[in-house]
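Please read the structure below before turning to the comments.
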Amino acid sequence: MKNKILILFIIFLSNCSNNIIKKRLMPPHKVKNGILFQYDSPSARHVNLAGNFPDNEWLKNGDRIDVMNDEGFNGDKIAGDGIWSITKRLSAGRYEYKFVVDRNSWLEDPNALDRVDDGYGGVNSVLIVK
Numbered sequence: 299m300k301n302k303i304l305i306l307f308i309i310f311l312s313n314c315s316n317n318i319i320k321k322r323l324m325p326p327h328k329v330k331n332g333i334l335f336q337y338d339s340p341s342a343r344h345v346n347l348a349g350n351f352p353d354n355e356w357l358k359n360g361d362r363i364d365v366m367n368d369e370g371f372n373g374d375k376i377a378g379d380g381i382w383s384i385t386k387r388l389s390a391g392r393y394e395y396k397f398v399v400d401r402n403s404w405l406e407d408p409n410a411l412d413r414v415d416d417g418y419g420g421v422n423s424v425l426i427v428k
């Protein structure tokens with residue numbers, strides 16, 4: 299009897315974990331029109347890509363550049379699912395970046411392959427384009 303209860307408990311836990319753990323997104327990668335960046339934030343109202351890109355310079359000129367979308371295009375398959383995306387043309391090189399959520403939370407990419415100290419007590423995500 300104890301073995302049956304234990305087996306049922308293990309089955310229950312394995313089914314629960316499937317709902318709790320989200321699939322990770324791919325790190326930024328090449329697509330037809332450039333590099334696809336994606337960020338999972340269902341509660342966000344606005345997401346920007348900020349970084350040391352030549353046309354961005356950490357959103358130096360405001361948050362109207364590199365606005366990410368959750369509208370079912372630009373790499374995002376389903377509108378309103380909380381997966382924000384942007385495709386950006388980049389030359390070969392090393393780039394540091396973060397996602398800016400709702401204009402005030404500067405967050406690293408949890409799917410990035412590399413990270414580096416940002417000099418302010420946090421980390422920047424790193425992308426190498428070949």
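Quick note: the sequence shown uses the numbering used here, first residue 299, plus one each step. Think of the CB as a built atom: it goes at the ideal place given N, C-alpha and C, for glycine as much as any other residue. Computed from a predicted model, the values in this text were never measured in an experiment.
#1: Just mark F475 as buried or exposed, buried being the case when its beta carbon has 16 or more other beta carbons within 10 Å.
#2: Could you name the residues of the same chain whose beta carbon sits closer than 6 Å to that of W356, not counting the 5 residues immediately before and after it, in chain order?
#3: Using a 10 Å radius around the Cβ and a threshold of 16 neighbouring Cβ atoms, would you call K396 buried or exposed?
#4: Does the contact criterion of 3 or more C-beta pairs under 8 Å hold for the stretch 332–345 versus the stretch 397–409?
#5: Using CA coordinates, which residue listed in R387, E369, L334 is at the minimum distance from D379?
#6: Could you give the uninterrupted runs of the beta strand (DSSP E) lying entirely in the stretch 335–386, keeping only those of 3 residues or more?
#7: Taking the CB atoms as reference points, tell me whether L388 and I333 lie closer together than 7 Å.
Answer, in terms of the structure:
#1: Shown here, the chain extends from 299 to 428; a query on residue 475 therefore has no answer.
#2: For this step, residue 356 is matched to residue 58 along the sequence shown. Correct list, in chain order: A348.
#3: By 1-based counting over the sequence shown, the position of residue 396 is 98. Flag for K396 reads buried.
#4: The way I'd put it, the stretch 332–345 does touch the stretch 397–409; three or more beta-carbon pairs between them come closer than 8 Å.
#5: The residue you call residue 379 lines up with position 81 of the sequence shown. In terms of CA proximity to D379, E369 leads the group R387, E369, L334.
#6: Qualifying beta strand (DSSP E) stretches, in chain order: 345–349, 381–386.
#7: Position 90 of the sequence shown, counted from the start, is the residue given in the question as residue 388. Position 35 of the sequence shown, counted from the start, is the residue given in the question as residue 333. A contact, by the Cβ cut-off of 7 Å.
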